[in-house]
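Novice: Before I ask anything, here is the structure I am working with.
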Amino acid sequence: MALVERRNDSTGHLSIFDYITHWSIIAHFPPNDLEYLKGIEWLPIVDILCLWKNSYDYKILFYTFDELLLSIYKSENDRLSLGVRCARWSPTEQVIVVGDYEERRTIFSYLPYKKIQTPFGHPQELVSETDNTILKEEEYNSDN
Numbered sequence: 000m001a002l003v004e005r006r007n008d009s010t011g012h013l014s015i016f017d018y019i020t021h022w023s024i025i026a027h028f029p030p031n032d033l034e035y036l037k038g039i040e041w042l043p044i045v046d047i048l049c050l051w052k053n054s055y056d057y058k059i060l061f062y063t064f065d066e067l068l069l070s071i072y073k074s075e076n077d078r079l080s081l082g083v084r085c086a087r088w089s090p091t092e093q094v095i096v097v098g099d100y101e102e103r104r105t106i107f108s109y110l111p112y113k114k115i116q117t118p119f120g121h122p123q124e125l126v127s128e129t130d131n132t133i134l135k136e137e138e139y140n141s142d143n
């Protein structure tokens, strides 16, 4: 379990607990340059955390449990961005999609933790006559 703490000095700290065996603490650290931590997404297969700043700053950080900072992404047009709204790992956990308050999405890879798709808008309805590429992720069952 990952827990975000706000200290009296307005700094954010991240605590990671092993809830399976006696709720022992695995890690506790202040994320680099994230004084107002807004959200966290956990990639459980390799124990990677995706953290993002408040709604007014588009900044994403990828951390390991042992406090190693893997990557920082900051929007190129930071003065125009309203910040990160949400982030979700794909079902196969190979990409993370980050949505912002301007209704745009950015896709990041789980290997280099870098942006692999520039921000793009998401239309309400996709029409087949346009040049949209639609991908569908499915789980592969090797038992069949």
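Oh and the sequence shown: position 96 is 95 in numbering that gives the first Met the number 0, straight run, nothing missing.
Heads up, the beta-carbon is just placed ideally off N, CA and C, and yes, glycines get one too.
Owing to the predicted nature of the structure, the values given are computational and were not obtained by experimental measurement.
#1: With DSSP collapsed to three states, give me the class of Thr63.
#2: Classify Ser141 as buried or exposed, calling it buried when 16 or more other Cβ atoms lie within 10 Å of its own Cβ.
#3: Which first and last residues belong to the beta strand (DSSP E) in which Ser46 is found?
#4: Is DSSP giving Lys73 helix, strand or coil here?
#5: Give the DSSP-derived three-state secondary structure of Arg87 in the structure shown.
#6: Using alpha carbons as the reference points, say which of His12, Tyr72, Lys52, Asp46 lies closest to Thr105.
#7: Considering just the uninterrupted stretch of the beta strand (DSSP E) at Trp41, what are its terminal residues?
#8: So, does the stretch 89 to 103 touch the stretch 20 to 27, judging by three or more C-beta pairs under 8 Å?
#9: Can you give the Cα-Cα distance for Val108 and Val3, rounded to whole angstroms?
#10: For His21, write down the residues that DSSP places opposite it in a beta bridge.
#11: Go through its chain and collect everything with a Cβ distance to Trp41's Cβ below 7 Å, but skip five positions before and after it.
#12: Select from Asp46, Leu110, Leu36, Thr20 the residue whose C-alpha is nearest the C-alpha of Arg6.
#13: Taking buried to mean at least 16 other C-beta atoms within 10 Å of its own C-beta, is Lys113 buried or exposed?
Specialist: Looking at the atomic coordinates:
#1: The sequence position of residue 63 within the sequence shown is 64, counting from 1. In this structure, Thr63 counts as strand in the three-state DSSP scheme.
#2: Within the sequence shown, the letter at position 142 stands for residue 141. Around the beta carbon of Ser141, a 10 Å sphere encloses fewer than 16 other beta carbons of the protein chains shown; the residue is thus reported as exposed.
#3: Taking the sequence shown and counting its residues from 1, the one referred to as residue 46 is at position 47. One detail in the question is off: residue 46 reads as Asp in this sequence, not Ser. Segment: none, Asp46 is in no beta strand (DSSP E) and carries neither H nor E.
#4: As a position in the sequence shown, residue 73 is number 74, starting the count at 1. The answer is strand: DSSP assigns Lys73 an E or B state.
#5: As a position in the sequence shown, residue 87 is number 88, starting the count at 1. Here Arg87 sits in strand by DSSP.
#6: The count along the sequence shown starts at 1 and reaches residue 105 at position 106. The shortest C-alpha separation from Thr105 is found at Tyr72.
#7: The residue labelled residue 41 in the question sits at position 42 within the sequence shown. That run of the beta strand (DSSP E) goes 38 to 42.
#8: Verdict: no, contact absent.
#9: For the purposes of this step, residue 108 is identified with residue 109 of the sequence shown, where counting begins at 1. For the purposes of this step, residue 3 is identified with residue 4 of the sequence shown, where counting begins at 1. For the sequence presented, residue 108 should be read as Ser rather than Val. Between the alpha carbons of Ser108 and Val3 lies a distance of about 24 Å.
#10: Position 22 of the sequence shown, counting from 1, holds the residue named residue 21. His21 is not bridged to any residue.
#11: To locate residue 41, count along the sequence shown from 1; it is residue 42. Cβ within range, chain order: Ala1, Leu48.
#12: One-based indexing of the sequence shown puts residue 6 at position 7. Among Asp46, Leu110, Leu36, Thr20, the Cα nearest to that of Arg6 is on Leu36.
#13: Position 114 of the sequence shown holds residue 113. It counts as exposed.
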